[in-house]
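Remarks on the structure that follows.
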Amino acid sequence: MITTTTTTTHDNTAESKPYSCPECHQTFSRPHNLKSHLTTHSAERPYRCDVCNHHFRRHHDLKRHQKLHTGERPYVCKNCFRSFARLDALNRH
Numbered sequence: 003m004i005t006t007t008t009t010t011t012h013d014n015t016a017e018s019k020p021y022s023c024p025e026c027h028q029t030f031s032r033p034h035n036l037k038s039h040l041t042t043h044s045a046e047r048p049y050r051c052d053v054c055n056h057h058f059r060r061h062h063d064l065k066r067h068q069k070l071h072t073g074e075r076p077y078v079c080k081n082c083f084r085s086f087a088r089l090d091a092l093n094r095h
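In this text, residue positions in the sequence shown follow the working numbering: the first is 3, and each later residue adds one.
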């Protein structure tokens with residue numbers, strides 16, 4: 003059985019964002035999220051697309067971009083069957 007105290011403790015822990023960006027003060031709940039965010043403040047773009055030579059700050063952004071070249075569209079609307087390369091595009095649809 004979950005008590006009010008237990009629930010409150012869980013809520014506080016779940017909402018806790020102790021990792022703060024020294025540049026813009028945005029906060030994060032996990033250190034790896036802060037580490038990923040810190041790259042947005044850097045001019046360095048170490049990840050390059052082999053197809054179009056576009057450079058990215060984060061590996062994740064390169065992988066998302068590469069779907070444009072492969073035509074991969076794994077997210078499909080269950081109502082109209084339109085497909086999308088990104089989940090956020092499907093959600094907006």
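Note that the Cβ used here is the ideal one computed from N, Cα and C, for glycine as well.
What does DSSP give as the partner residue(s) for residue 85 in the beta ladder? Residue 85 sits at position 83 when you count from the first residue of the sequence shown. 78, per the DSSP bridge assignment.
Note to self: Considering only DSSP beta bridges, list what residue 29 is partnered with.
What the structure shows: Stepping through the sequence shown from its first residue, residue 29 is reached at position 27. The partner list for residue 29 (beta bridge, DSSP) reads 22.
Residue range of the alpha helix (DSSP H) that residue 72 falls in? If you number the sequence shown from 1, residue 72 lands on position 70. Segment 61-72, the alpha helix (DSSP H) holding residue 72.
### Query
To the nearest angstrom, how far is it from the Cα of residue 80 to the Cα of residue 86?
As a first step, residue 80 must be located in the sequence shown, where it is residue number 78. As a first step, residue 86 must be located in the sequence shown, where it is residue number 84. Each residue's alpha carbon lies about 12 Å from the other.
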